[in-house]
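K.L.:
Protein chains in written order, with our numbering: chain X, 1207 to 1636; chain W, 1207 to 1636.
1. Can a CB atom of chain X be found closer than 8 Å to the CB of residue 1218 of chain W?
2. Label residue 1234 of chain X either buried or exposed according to how many other C-beta atoms from any shown protein chain fall within 10 Å of its C-beta, with 16 as the threshold for buried.
3. Assuming residue 1353 of chain X and residue 1305 of chain X form a contact by the criterion Cβ under 8 Å, report the distance between their Cβ atoms to the nearest whole angstrom.
4. Pop quiz: residue 1399 of chain W and residue 1315 of chain W are said to be a contact at Cβ under 8 Å. What is the actual Cβ separation, rounded to whole angstroms?
5. If you run the structure through DSSP and keep just helix, strand and coil, what is residue 1361 of chain W?
6. Which residue marks the beginning of the alpha helix (DSSP H) containing residue 1614 of chain X, and which one marks its end?
7. Identify the continuous alpha helix (DSSP H) that holds residue 1249 of chain X and give its terminal residues.
8. Does the beta-carbon of residue 1260 of chain W have 16 or more other beta-carbons within 10 angstroms, so that it is buried, or is it exposed?
9. What are the residues of the region 1567–1580 of chain W that lie near chain X, defined by any Cβ-Cβ distance shorter than 9 Å?
10. Can you say whether residue 1207 of chain X is buried or exposed, counting buried as having 16 or more other CB atoms within 10 angstroms of its CB?
11. Would you kindly work out how many angstroms separate the C-alpha atoms of residue 1356 of chain W and residue 1388 of chain W, rounded to a whole number?
12. Would you kindly check if the distance between the Cβ of residue 1504 of chain W and the Cβ of residue 1463 of chain W is under 8 Å?
13. Mind checking the region 1432–1456 of chain W against chain X and listing, in chain order, the residues whose C-beta falls within less than 7 Å of any C-beta there?
14. Please go through the same chain and pick out, in chain order, the residues whose beta-carbon is closer than 7 Å to the beta-carbon of residue 1626 of chain W, but skip the five residues on each side of it.
15. So which residues on chain X does residue 1586 of chain W lean against when the C-beta distance must stay under 7 Å?
16. If contact means a Cβ-Cβ distance below 8 Å, which residues of the region 1338–1354 of chain X contact chain W?
17. Count the CB pairs spanning the region 1321–1339 of chain W and the region 1368–1385 of chain W that are closer than 8 Å, and state whether there are at least three.
18. Can you find a CB in chain X that lies within less than 8 Å of the CB of residue 1630 of chain W?
19. Comparing alpha-carbon positions, which option in X:1594, X:1585, X:1590 and X:1552 lies nearest residue 1592 of chain W?
20. Scan the region 1548–1567 of chain W for residues whose Cβ lies nearer than 9 Å to a Cβ of chain B and list them as they occur along the chain.
21. Whose CA, out of X:1405, X:1246 and X:1317, lies closest to the CA of residue 1433 of chain X?
22. Does the structure place the region 1282–1296 of chain X close enough to the region 1434–1452 of chain X that three or more beta carbon pairs sit under 8 Å?
23. Could you please tell me which residues of the region 1463–1491 of chain X, in chain order, have their CB closer than 9 Å to any CB of chain W?
24. To the nearest angstrom, report how far apart residue 1416 of chain W and residue 1488 of chain X are at their CA atoms.
25. Give me the residue from X:1610, X:1572, X:1606 and X:1551 with the minimum Cα distance to residue 1581 of chain X.
26. Between the alpha carbons of residue 1565 of chain W and residue 1292 of chain W, how many angstroms are there, rounded?
27. What residue range does the beta strand (DSSP E) around residue 1443 of chain W cover?
28. Rounded to the nearest angstrom, what separates residue 1402 of chain X and residue 1410 of chain X at their Cα positions?
29. Taking the C-alpha atoms as reference points, what is the distance between residue 1193 of chain X and residue 1600 of chain W?
30. What residues are listed by DSSP as bridge partners for residue 1431 of chain W?
31. Just to confirm my understanding: we take residue 1397 of chain X, look at its own chain, exclude 5 residues before and 5 after, and list those with CB closer than 6 Å. What are they?
32. From the beta carbon of residue 1420 of chain X, is the nearest beta carbon of chain W less than 8 Å away?
33. What three-state label does DSSP hand residue 1292 of chain X in the structure shown?
34. Can you tell me whether residue 1228 of chain W is buried or exposed, with buried defined as 16 or more other CB within 10 angstroms of its CB?
35. Going by DSSP in three states, residue 1450 of chain X sits in which element: helix, strand or coil?
36. Looking at residue 1309 of chain X and residue 1590 of chain X, is the spacing between their C-beta atoms short of 8 Å?
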């Protein structure tokens, strides 16, 4: 049974605090193993990749090649069912349209004393995209990571995906082809991250690495951070549904389970002001679990981390939601818009009963790479700006330097940075 | 003497590669010591802060208080020389004006099939600002970090600054007061980062930590990353000056030394197509060094990491600059604008002979917290967006769900995520 909380209970504040503090993941300490792997790839390059892939993925890269041939990629797209290709194409086009609106504007302006200022956005030249292998190889994730990079103008998008026992998911290749991925390498784990960061004989280095992965991949990204940029290190996923008594409990149960099936550490939370709805959802979850392919994972997640929180009124929801800062927030209530306006910390908000999170996961157009584990308090879902960077501009003429220079000399001198002060003073004959 | 390279030399490509690969900082491995300090503060809170500050800063926080009194802050501003207060106020106002233009727009729109999409930007609630103590305590850095946070709308900006032997730099307090910093704590090192990330009895936790610090501070920020957001971990600073033969060698030398005086690991580079200018700059550097307060630091930096690169033509500059991806780029050449347009990787560009970097460091208005050590390839200077995050919105009605739902069911099924597919199908009676 999920955890039951009630805001009307006197010990709710303490129980809610404990609920928020519960860690959902045993953090594996793999930093040392990862450091050794990264160093190995950095110094030995392809030879290390071949050896490590033999050990971890049981694949002989010397025979198969590290890079996946263009013909193999084209074949995967051609061999895929037309229905799934059409669905991925629809997803691609909608993701592309949504993200195209995120392209930032550069600007240049002259201020009131004649100083020219501004900034210019440019794309990152080369990006690496990590895609997990095996069961968690999702073509939708390829689109969600690759499309914003391509919209940003990234020239070289290199994907790595492990091929355990030599097997690659053809739909992952198909999605990469649709998204315009430029290179694909059949490597994974910390060794793939190292190869992207430092380069090998076969793989030129990139400037930034994005994409989800297991504990080794996450630790490797942390390790190479600084040499290259990285995206957020993703934690276990969560959904929070805020619902009033008029909603369909079967739909809500289905949404809670869609989150729970990801992972036993996933978390599904319902907040409602209606007892009957809460009971009906709990019953529906049990009923639906019975016929779910991934019922074991979903059931474990629901039992271990699921929660049903009874509110005295939906007016309480915004403040509590902000404390959870959920990755996904569904609001199914008469005043969904009004509630949404008062919420500050959420990765994505799905409004109304006809917007299940799965629409956003696949074909809505917005990104499904979202801040997990309360990080929506300080970070955003993946977007075009993650693949761009900004250069600032400053231009003074003699008159502007005369106007601003003395203050710069004063501050430089006060900070004990005499050469800073002099670099201005020397131009003003001070 | 600085390193001399010449693009016309046959071994230039290899020498330039080695030059770029040179590490300018011995990375101290303090991760283990930092992990222990962080854990101590996390479990014991204020008691650990008091003990660690006694040990590292020789200050008794139990007597002085952890938090700096408002009266102490106001007194620092009042006691400061009017000239420096006026200079800091000018800097503040110009930084505020520049960053105010960075406020992003939220948007909401309806696409061609009636799906409502959009995103909303909101500020991070609470931000911690680390300010180094001792000689590297710069009031200008306080402004550069605090002003964008306040422009973003951060409600609670908590500053930490170590007070070795009980001493705080009054100009740092004055700058904090000008910038609207809400709380100041006299703590530093890894313990201060831990206190901001996890909170103590005295210090409520924040959601993001920014600001420069030593190896311990950098390691602590890495350690708490995920629990809170962090900014870039700053490396040693650099300037690259691209100049034609018409420029004033004394001015260029002053700018190279302004960079070099920061730190023995700082780097100053000149690229020019004019031999006479190169020689004149080198001579001017030696001359100016003799009368510089920080001549030892600047001299060491210039000897160890300084470089003068002779180009066959300034046309070669953009490609070479992009490989350096300098934090600061000064272009002093007839066609400064044309060259700037062809450069993609630089933290900030200063155009023309009357824009020494020191203007940008203090009073230009743009930010002086910029990507160091080649990270301009993938990251940007500090800006308002660093203190905000974005929530995406998605809203379908029944008609939009009917249009998009089948594709979502197809992809969910193909990915083996049956509950995802069902959460859509159940609403469509599929």
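The beta-carbon is built from N, C-alpha and C at its ideal position, and this holds for glycine as well.
P.N.:
Working from what's here:
1. Against the second chain, residue 1218 of chain W aligns to sequence position 12. Nearest CB-CB separation between residue 1218 of chain W and chain X: not below the 8 Å threshold.
2. For this step, residue 1234 of chain X is matched to residue 28 along the first chain. So residue 1234 of chain X ends up on the exposed side.
3. Residue numbering aside, residue 1353 of chain X sits at position 147 when the first chain is read from its first letter. Residue numbering aside, residue 1305 of chain X sits at position 99 when the first chain is read from its first letter. With a Cβ gap of about 6 Å, residue 1353 of chain X and residue 1305 of chain X count as contacting.
4. For the purposes of this step, residue 1399 of chain W is identified with residue 193 of the second chain, where counting begins at 1. For the purposes of this step, residue 1315 of chain W is identified with residue 109 of the second chain, where counting begins at 1. Not a contact, Cβ separation roughly 41 Å.
5. Position 155 of the second chain, counted from the first residue, corresponds to residue 1361 of chain W. Secondary structure at residue 1361 of chain W: coil, using DSSP grouped into helix, strand and coil.
6. As a first step, residue 1614 of chain X must be located in the first chain, where it is residue number 408. Its alpha helix (DSSP H) spans residues 1604–1620.
7. Stepping through the first chain from its first residue, residue 1249 of chain X is reached at position 43. Where residue 1249 of chain X is concerned, the enclosing alpha helix (DSSP H) stretches over 1237–1250.
8. Taking the second chain and counting its residues from 1, one reaches residue 1260 of chain W at position 54. That one is exposed.
9. 1567, 1568, 1569, 1570, 1571, 1572, 1573, 1576, 1577, 1579 and 1580
10. Locating residue 1207 of chain X in the first chain gives position 1, where the first residue counts as 1. It is exposed - the Cβ of residue 1207 of chain X has fewer than 16 other Cβ atoms within 10 Å.
11. One-based indexing of the second chain puts residue 1356 of chain W at position 150. One-based indexing of the second chain puts residue 1388 of chain W at position 182. So the alpha carbons of these two residues sit roughly 10 Å apart.
12. The sequence position of residue 1463 of chain W within the second chain is 257, counting from 1. The sequence position of residue 1504 of chain W within the second chain is 298, counting from 1. Yes, Cβ-Cβ distance for residue 1463 of chain W and residue 1504 of chain W is below 8 Å.
13. 1432, 1434, 1435, 1439 and 1456
14. Residue 1626 of chain W sits at position 420 when you count from the first residue of the second chain. If we look at residue 1626 of chain W and ignore the five residues flanking it on each side, its Cβ neighbours are 1618.
15. Residue mapping note: residue 1586 of chain W aligns to position 380 of the second chain, counting from 1. Within chain X, the residues 1595 and 1596 have their CB atoms less than 7 Å from the CB of residue 1586 of chain W, given in chain order.
16. 1341, 1344, 1345 and 1346
17. Yes, since at least three Cβ pairs between the region 1321–1339 of chain W and the region 1368–1385 of chain W fall closer than 8 Å, the two stretches touch.
18. Within the second chain, residue 1630 of chain W is the residue found at index 424, counting from 1. So, interface residue.
19. Position 386 of the second chain, counted from the start, is the residue given in the question as residue 1592 of chain W. That would be X:1585, whose Cα lies nearest to the Cα of residue 1592 of chain W.
20. Any reference to chain B falls outside this structure, whose protein chains are X and W.
21. Within the first chain, numbered from 1, the residue matching residue 1433 of chain X stands at position 227. When each option's Cα is compared against that of residue 1433 of chain X, the closest is X:1405.
22. no
23. 1463, 1464, 1465, 1466, 1467 and 1468
24. The count along the second chain starts at 1 and reaches residue 1416 of chain W at position 210. The count along the first chain starts at 1 and reaches residue 1488 of chain X at position 282. So the two alpha carbons sit approximately 43 Å from each other.
25. Taking the first chain and counting its residues from 1, one reaches residue 1581 of chain X at position 375. For residue 1581 of chain X, the closest C-alpha among the options X:1610, X:1572, X:1606 and X:1551 is that of X:1551.
26. Numbered from its first residue, the second chain carries residue 1565 of chain W at position 359. Numbered from its first residue, the second chain carries residue 1292 of chain W at position 86. Straight-line Cα distance between these residues: approximately 16 Å.
27. In the second chain, counting from the first residue as 1, residue 1443 of chain W sits at position 237. Per DSSP, residue 1443 of chain W belongs to no beta strand (DSSP E) and is neither H nor E.
28. The count along the first chain starts at 1 and reaches residue 1402 of chain X at position 196. The count along the first chain starts at 1 and reaches residue 1410 of chain X at position 204. Approximately 7 Å between the Cα atoms of the pair.
29. Given that chain X is displayed from residue 1207 to residue 1636, the structure contains no residue 1193 of chain X and the question cannot be resolved.
30. Position 225 of the second chain, counting from 1, holds the residue named residue 1431 of chain W. In DSSP, residue 1431 of chain W forms a bridge with W:1434.
31. Walking along the first chain from the start, residue 1397 of chain X turns up at place 191. Only 1243, 1247, 1255 and 1258 meet the Cβ criterion.
32. On the first chain, position 214 is the one that residue 1420 of chain X refers to. Closer than 8 Å: no.
33. Along the first chain, one-based indexing puts residue 1292 of chain X at 86. Here residue 1292 of chain X sits in helix by DSSP.
34. As a working note, residue 1228 of chain W is residue 22 in the second chain. Exposed is the call here.
35. The residue you call residue 1450 of chain X lines up with position 244 of the first chain. It is coil, neither helix nor strand.
36. The residue you call residue 1590 of chain X lines up with position 384 of the first chain. The residue you call residue 1309 of chain X lines up with position 103 of the first chain. Against a cut-off of 8 Å, the Cβ pair of residue 1309 of chain X and residue 1590 of chain X comes out as a contact.
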